[in-house]
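From first to last, the protein sequence lines stand for chains A and B. For the first sequence, counting from 1, position 26 maps to 12 in this note's numbering; every step adds exactly one. For the second sequence, counting from 1, position 391 maps to 377 in this note's numbering; every step adds exactly one. Input: a single structure, listed below in structure tokens.
2 protein chains.
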Amino acid sequence: MDFTLLEALVKEKKFSELQKELHTMQVADIAEFFDILESKMILLIFRLLSKEKAAEVFSYLSIDQQQHICVSVNDQELIKLVDELDFDDKIDLLEEMPANIVKKILANATEVERKLINQFLNYPDRSSGSLMTIEFVDLKKEMNVREALERIRLLGFNKETIYTCYVITSTRVLEGIIELKDLVLAKPEQKIEDLMQRDVIFVGTHDDQEGVADIFKKYDLLSVPVVDQEKRLVGIITIDDIVDVIEQEATEDFHRMAAIEPFDDTYLNTSVFVLAKKRIGWLLVLMISATLTGMILSRYELALEAVVALTFFIPMLMDTGGNAGSQASTLVIRSLTLGEVTFKDLFRVITKELGVSIIVGLALAAINFLRIRFIQGYSLQISLTVTITLFFTVLLAKIAGGVLPILADKLKLDPAIMASPLITTIVDTFALLIYFGVASILLGI
Amino acid sequence: MDFTLLEALVKEKKFSELQKELHTMQVADIAEFFDILESKMILLIFRLLSKEKAAEVFSYLSIDQQQHICVSVNDQELIKLVDELDFDDKIDLLEEMPANIVKKILANATEVERKLINQFLNYPDRSSGSLMTIEFVDLKKEMNVREALERIRLLGFNKETIYTCYVITSTRVLEGIIELKDLVLAKPEQKIEDLMQRDVIFVGTHDDQEGVADIFKKYDLLSVPVVDQEKRLVGIITIDDIVDVIEQEATEDFHRMAAIEPFDDTYLNTSVFVLAKKRIGWLLVLMISATLTGMILSRYELALEAVVALTFFIPMLMDTGGNAGSQASTLVIRSLTLGEVTFKDLFRVITKELGVSIIVGLALAAINFLRIRFIQGYSLQISLTVTITLFFTVLLAKIAGGVLPILADKLKLDPAIMASPLITTIVDTFALLIYFGVASILLGI
């Protein structure tokens, strides 16, 4: 977005013109504009927004900015603002704000709401419960279409949450769903009972968000009801939150596959100490594992002394093996995540990787041989030793890369740990063993 | 899903019972069941489905199964099936089917439809045009709410595409949108003109799907109108297709970051030759780049002959440097993709990585020193050489990993090329230069 005009209005203190501009803008764009505002201007500009728009913009702001506003406004403003927030945004806010703010907000809630808030704050992180909202339309199957539409008007939620209505019993047990469009297309006297779908897809309050996202993808849902252990409807999850979950899970996979422990906030908002903590564990494990390569090399100290040239090819062999293995493991890890590969495909993966590694291995080995023998002018024995090692390293790397993530998955470990860093360390070790094995045959050392 | 019952019914040829079971199932589950059917049973079971359900199930099947059905059914069945498909599914099918099937389908389309199909087939791959559907509700601003609801009933689409209605002029130029819920909440005599939102977010037919997905995420949309260059409404894109785009783009990033060129189909459905082709390019480039490390080692041949022990630590130093660099580059590449980091953050990234690398580098170096000096018993000079190299390699790796993706992005290159494989190769080279630099000072070689 281009905010030149807005910035000029701020600079020239033309606040009533600015207010008019803000009035016509999308809330997401206003939130983006807040990102570039100086912090002392945030509250001033925030107060220019209408009550409803303020709450909507607020829910798009970063935690830092939300906190800044909550701390700066007076108590009355705070209570009004919180009052306007959707229930799920309210919960998100309470999770992030300092204790004194939380206290103020809770003090002003009704007892029913306070109980509900506490219940929601207790759902585990990354569970359905922590994602859901309580703003949904509940109907009874005895209603007719006219009564149902009246109830929708009465509840009057201004979000996408009304596109599906939920039919519940007197004890709030979920009985069925009915789409708003079916209500619109039906005759006013038709009974909900005759229109509702009884075969409803639902999730539990403690289900993991990744599984919920998979359900949305499989059934192309816009929302899903969340029920407790007695199948009583407690909330719904909407697709916009699931889009965020999908991105968040992908980000975590990227991080895990680069040997970084997941963290919650964005990279720039995370402190140096937290970032260091999230990285050092695996680096240490991998560094110590790499000691194995040093031990293998020291075992072949005499061979290396006799033919120093053998050393020159170690980095190239290790890098190529590592890269070949990472390619295979990345493909398989991602396919496991998307559910395209499961344990029963193990044999297919092995044959596929065997085929690929023979083609790739032969091509790389041929080019490598020509280069070492004819361009660099090494002896036939050394050229052959390097070339044969390269071929078998690629073969081993691709098969290990394909198989190990599937085995990790089978053992209920996260297959992402078998990504590039660990595969590289494993392949390096075996590459060196192959190297000296071949060398001892061809060079007689 | 558990398909034991269904499989038993197939085996015992109890087709009328099977039909009843299928009737109560979700289409996505039926499609999953087709996945495990023998191919000779597919057509038989497919014919048990009702006309509407058959079309819905069909759109969930894999390309192979769709092709199998299209080739197996008679012409009349084919035409009926295609007739029932949503327009976007029809286009997807035409893009994948063999020429004789396409010819049959087109021969049966009306001239208007044929023209439309050809127009849609011509939109570039991964553009808005290739994602959109023509099933949407178009209204005129002169209508009132009652007329609008009648039009919705008349068009009677059975998908989520009616939750937003589009207001267009007589020349089909997009003027505004109105949500179905607002129609439901409004009075029958109210004018669309007074209810519609005029400030509409829209995309062009040739916009890239990744940008469209970003717009959905930013504004929390359920659908977006697609307009041509004259701002005439030609179609809409719905969130379910965007969810697929988000997954597809993430998959491509995973692949690119592991030095694999992107490919369209799933891993298991892609042939060994295609998989080999997609991997060999980068492996070759990286293998040849790794030659540089060999050249550096050969320059220090005399040093290596004098102190063979120096060789033992090369793999550990290279691996640790590569891992440290990959961590930084993965974090920054993902942040660039999500728009959380841009070029203006370059300096912040450098200071962050500097901070992290000092903490991580010091910790790794300390542990490494203790191990080499006191557990493995190497001389102080060698222990110090390895430790100092380790520290500076981590420093260099993290800063290169943080900076290079941002520079690649600035140069309009895909930052994903600066992921693990290339960073590792770059870091390896510099790690060796540091190693021998430090060794020549401390060991006097």
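Virtual Cβ for every residue (Gly too), placed ideally from N, Cα, C.
Do we get a CB-CB distance below 9 Å when we pair residue i with the residues of chain A?
{"i": "Ala(-6)/B", "result": "no"}
{"i": "Phe20/B", "result": "no"}
{"i": "Leu12/B", "result": "One point to set straight first is that residue 12/B is Gln, not Leu, in the sequence displayed. For Gln12/B, the answer is yes, since a Cβ of chain A falls inside 9 Å of its Cβ."}
{"i": "Asp239/B", "result": "yes"}
{"i": "Phe202/B", "result": "yes"}
{"i": "Phe1/B", "result": "no"}
{"i": "Gly308/B", "result": "yes"}
{"i": "Asp305/B", "result": "yes"}
{"i": "Phe259/B", "result": "yes"}
{"i": "Ile246/B", "result": "yes"}
{"i": "Met404/B", "result": "no"}
{"i": "Asp331/B", "result": "yes"}
{"i": "Ala295/B", "result": "yes"}
{"i": "Asp414/B", "result": "yes"}
{"i": "Arg359/B", "result": "no"}
{"i": "Pro211/B", "result": "no"}
{"i": "Ser36/B", "result": "no"}
{"i": "Asp226/B", "result": "yes"}
{"i": "Asp400/B", "result": "no"}
Sort the options by Cα distance to residue i and report the nearest one.
{"i": "Ile55/B", "options": "Arg184/B, Leu117/B, Leu23/B, Phe73/B", "result": "Leu23/B"}
{"i": "Ala289/B", "options": "Pro110/B, Phe422/B, Asn108/B, Leu207/B", "result": "Phe422/B"}
{"i": "Arg320/B", "options": "Glu121/B, Gly307/B, Ala236/B, Lys76/B", "result": "Ala236/B"}
{"i": "Ser343/B", "options": "Ile361/B, Leu322/B, Ser312/B, Thr323/B", "result": "Ser312/B"}
{"i": "Ile420/A", "options": "Met404/A, Ile361/A, Gly307/A", "result": "Gly307/A"}
{"i": "Leu47/B", "options": "Ser36/B, Ile28/B, Lys37/B, Asn60/B", "result": "Ile28/B"}
{"i": "Glu38/A", "options": "Phe20/A, Ser45/A, Ile65/A, Glu70/A", "result": "Glu70/A"}
{"i": "Gly325/B", "options": "Glu233/A, Ile178/A, Phe(-11)/A", "result": "Glu233/A"}
{"i": "Arg442/A", "options": "Thr323/A, Ser45/A, Leu64/A", "result": "Any answer about residue 442/A is impossible in this case: the structure gives chain A only from -13 up to 431."}
{"i": "Ser36/B", "options": "Leu366/B, Ile246/B, Gln5/B", "result": "Gln5/B"}
{"i": "Leu418/A", "options": "Arg265/A, Met304/A, Thr410/A", "result": "Met304/A"}
{"i": "Glu136/A", "options": "Val123/B, Lys167/B, Val159/B", "result": "Lys167/B"}
{"i": "Val294/A", "options": "Val346/A, Ala425/A, Glu97/A", "result": "Ala425/A"}
{"i": "Thr415/A", "options": "Pro401/A, Thr375/A, Arg357/A", "result": "Thr375/A"}
{"i": "Thr191/A", "options": "Ile138/A, Asn60/A, Leu219/A", "result": "Leu219/A"}
{"i": "Thr157/B", "options": "Leu125/B, Gln183/B, Val372/B", "result": "Leu125/B"}
Under a CB-based cut-off of 9 Å, is residue i close to chain B?
{"i": "Gly280/A", "result": "yes"}
{"i": "Pro301/A", "result": "yes"}
{"i": "Thr453/A", "result": "This structure leaves residue 453/A out entirely; chain A is present only between -13 and 431."}
{"i": "Gln313/A", "result": "yes"}
{"i": "Asn130/A", "result": "no"}
{"i": "Gly363/A", "result": "no"}
Quick one: is residue i buried, meaning 16 or more other Cβ sit within 10 Å of its Cβ, or exposed?
{"i": "Arg309/A", "result": "Just to set this straight, residue 309/A is Asn in the shown sequence, not Arg. Answer is buried; the Cβ neighbour count reaches 16."}
{"i": "Gln62/A", "result": "exposed"}
{"i": "His9/B", "result": "exposed"}
{"i": "Thr328/B", "result": "exposed"}
{"i": "Pro84/B", "result": "exposed"}
{"i": "Asn108/A", "result": "exposed"}
{"i": "Gly520/A", "result": "The requested residue 520/A does not occur in the structure, where chain A is confined to residues -13 to 431."}
{"i": "Ile427/A", "result": "exposed"}
{"i": "Glu(-2)/A", "result": "exposed"}
{"i": "Val57/B", "result": "exposed"}
{"i": "Lys330/A", "result": "exposed"}
{"i": "Met404/A", "result": "buried"}
What does residue i touch in chain E if you count any residue whose Cβ is under 9 Å from its own?
{"i": "Ala262/A", "result": "Although the question refers to chain E, the structure presented lacks it and instead comprises the protein chains A and B."}
Only counting runs of 3 or more residues, tell me where the beta strand (DSSP E) segments fall wholly within the stretch 375 to 408 of chain B, in order along the chain. Given a length threshold of 3 residues, the stretch 375 to 408 of chain B has no whole run of the beta strand (DSSP E) inside it.
Inter-stretch contact (C-beta, 8 Å, three-pair minimum) for the stretch 223 to 230 of chain B and the stretch 295 to 310 of chain A: Contact fails: fewer than three Cβ-Cβ distances are below 8 Å.
If contact is defined by three or more beta carbon pairs under 8 Å, each pair taking one atom from either stretch, is the stretch 251 to 261 of chain B in contact with the stretch 389 to 396 of chain B? Short answer: they don't touch.
Between the stretch 150 to 160 of chain B and the stretch 97 to 106 of chain B, do at least 3 Cβ pairs fall closer than 8 Å? Verdict: no, contact absent.
Could you tell me which whole alpha helix (DSSP H) segments of length 4 or greater appear in the stretch 45 to 129 of chain A? Counting only runs of 4 or more, we get 49 to 58, 61 to 70, 73 to 82, 85 to 94, 97 to 107, 114 to 117.
Is the stretch 163 to 178 of chain A in contact with the stretch 131 to 141 of chain A, if contact means three or more CB pairs nearer than 8 Å? Yes, since at least three Cβ pairs between the stretch 163 to 178 of chain A and the stretch 131 to 141 of chain A fall closer than 8 Å, the two stretches touch.
Is the stretch 395 to 406 of chain B close to the stretch 370 to 385 of chain B, with three or more CB pairs under 8 Å? Proximity of the stretch 395 to 406 of chain B to the stretch 370 to 385 of chain B falls short of the contact definition, fewer than three beta-carbon pairs being nearer than 8 Å.
Report yes or no: do three or more beta-carbon pairs, one from the stretch 111 to 120 of chain A and one from the stretch 186 to 198 of chain A, lie closer than 8 Å? Yes, they touch.
Only counting runs of 4 or more residues, tell me where the alpha helix (DSSP H) segments fall wholly within the stretch 160 to 218 of chain B, in order along the chain. Within the stretch 160 to 218 of chain B, the complete alpha helix (DSSP H) runs of at least 4 residues are 166 to 171, 178 to 181, 195 to 205.
Quick one: complete alpha helix (DSSP H) runs, 4+ long, within the stretch 236 to 280 of chain B? Runs of the alpha helix (DSSP H) inside the stretch 236 to 280 of chain B: 258 to 275.
Quick test of the definition: if touching needs 3 or more C-beta pairs under 8 Å, does the stretch 265 to 281 of chain A touch the stretch 398 to 414 of chain A? In short, these stretches touch, since the Cβ pair count reaches three.
Runs of alpha helix (DSSP H) wholly within the stretch 294 to 355 of chain A (minimum 4 residues, chain order): Runs of the alpha helix (DSSP H) inside the stretch 294 to 355 of chain A: 295 to 298, 300 to 323.
Contiguous alpha helix (DSSP H) assignments of at least 4 residues, all confined to the stretch -1 to 27 of chain A: With a minimum length of 4 residues, the continuous alpha helix (DSSP H) runs that stay inside the stretch -1 to 27 of chain A are 1 to 10, 13 to 22.
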